[in-house]
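In full-length UniProt numbering, the protein residues as written are 1 to 291. Below is one structure, written out as structure tokens; comments come after it.
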């Protein structure tokens, strides 16, 4: 039993058909069938039940599928780890980020990391927190930069300090001129523009203060919130560090005095998965450990 045979078997298991598996592997069907037969003979057990249109794994086949995936993951991790050792701290670091982390990420950590490791290049994937976690689980990115709240199960997490939410508005909509801070209750009956994944957080906080928020617009990007607020369509609610994502002299902000409306940027990696030296170094430079 070798790595190639395990790859063949996993492809057959995934496709559910030898014909489809052969096509995916870009090989003829008879040699693939022969490889499967040899594997069954070597192990002395039947791995699949062959039907007229598809195959189904036996109990032994299920065991081998799970073990084969672990073996191939380990082989891949070993190859990458040796490659990292040979290359040193160079190469490309693939990071998934939420839009609201952009300003803080560029102003501090990425620039500092680039100065320390000049040979490193970056590949950035953007999306909301749930998309970034999905990209991380699929191995498309090695490291994610997301915002709380999120479910930290199966994740290694390092956090920055918490920061407040702010109410962003044009001067025409400034309902409390000259004040840098406001109470959450003062946003009652104000048309709010919010990032969709903060909907529950904001709604719950408002209900605790005895009112239901007037959600004028929900969107999936902090920059959209800023652009709509800049157009004078309502009052945006965003994390404080995201204010600089859109340059506009037309906007002002007021910090919302509420312990319920605080958020943190977090660096995340999958538990139990190999991470390159680059990803590990960047992760370790990011804030505090899991708490």
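Ideal placement from N, C-alpha and C gives every residue a C-beta, glycine not left out.
Asked, Found
"Return helix, strand or coil for residue 322, following the three-state DSSP convention.", "Only positions 1 to 291 of the chain appear in the structure, and residue 322 is not among them; the question remains open."
"Using CA coordinates, which residue listed in 159, 19, 201 is at the minimum distance from residue 264?", "159"
"Leaving aside the five residues before and after residue 149 along the sequence, list all residues of the same chain whose C-beta is less than 8 Å from its C-beta, in chain order.", "201, 263"
"I'd like to know if the region 57–72 and the region 115–127 are in contact, where contact means that at least 3 CB-CB pairs between them fall below 8 Å.", "no"
"Going residue by residue through the region 100–142, where are the continuous alpha helix (DSSP H) segments of at least 4 residues, counting only ones entirely within it?", "111–116, 129–137"
"Compare the Cα-Cα distances from residue 167 to each of 58, 26, 193, 52 and report the closest residue.", "193"
"Assuming the contact rule is C-beta atoms closer than 8 Å, residue 196 and residue 230 should be a hit. Round their C-beta distance to whole Å, please.", "Between residue 230 and residue 196 the Cβ distance is about 19 Å, and since that is not below 8 Å, they are no contact."
"Could you check which residue in 270, 213, 116 has the C-alpha nearest to that of residue 153?", "270"
"Taking all protein chains shown into account, do 16 or more other C-beta atoms lie within 10 angstroms of the C-beta of residue 213, making it buried, or fewer, making it exposed?", "buried"
"Along the chain, which unbroken stretches of the beta strand (DSSP E) at least 3 residues long are found entirely within the UniProt domain \"HTH lysR-type\" (1–58)?", "48–50, 55–57"
"Taking its Cβ as the centre, do 16 or more other Cβ atoms sit within 10 Å of residue 109, making it buried, or is it exposed?", "buried"
"Tell me, please, which residues DSSP counts as bridged to residue 219.", "195"
"Leaving aside the five residues before and after residue 188 along the sequence, list all residues of the same chain whose C-beta is less than 7 Å from its C-beta, in chain order.", "211"
"Mark residue 291 as exposed unless 16 or more other C-beta atoms lie within 10 angstroms of its C-beta, in which case mark it buried.", "In this prediction, residue 291 scores a pLDDT of 41, lower than 50, which makes its location untrustworthy; the coordinate-derived value is nonetheless stated afterwards. Exposed: under 16 other Cβ atoms inside 10 Å."
"When the Cα atoms are used, what is the spatial distance from residue 38 to residue 134?", "37 Å"
"In angstroms with no decimal places, state the Cα-to-Cα distance between residue 52 and residue 66.", "25 Å"
"Distance check for residue 237 and residue 294, CA to CA, integer angstroms please.", "Nothing can be reported for residue 294: it is not among the residues displayed for the chain, which extend from 1 to 291."
"Based on the DSSP output, what are the partners of residue 94 in its beta bridges?", "123"
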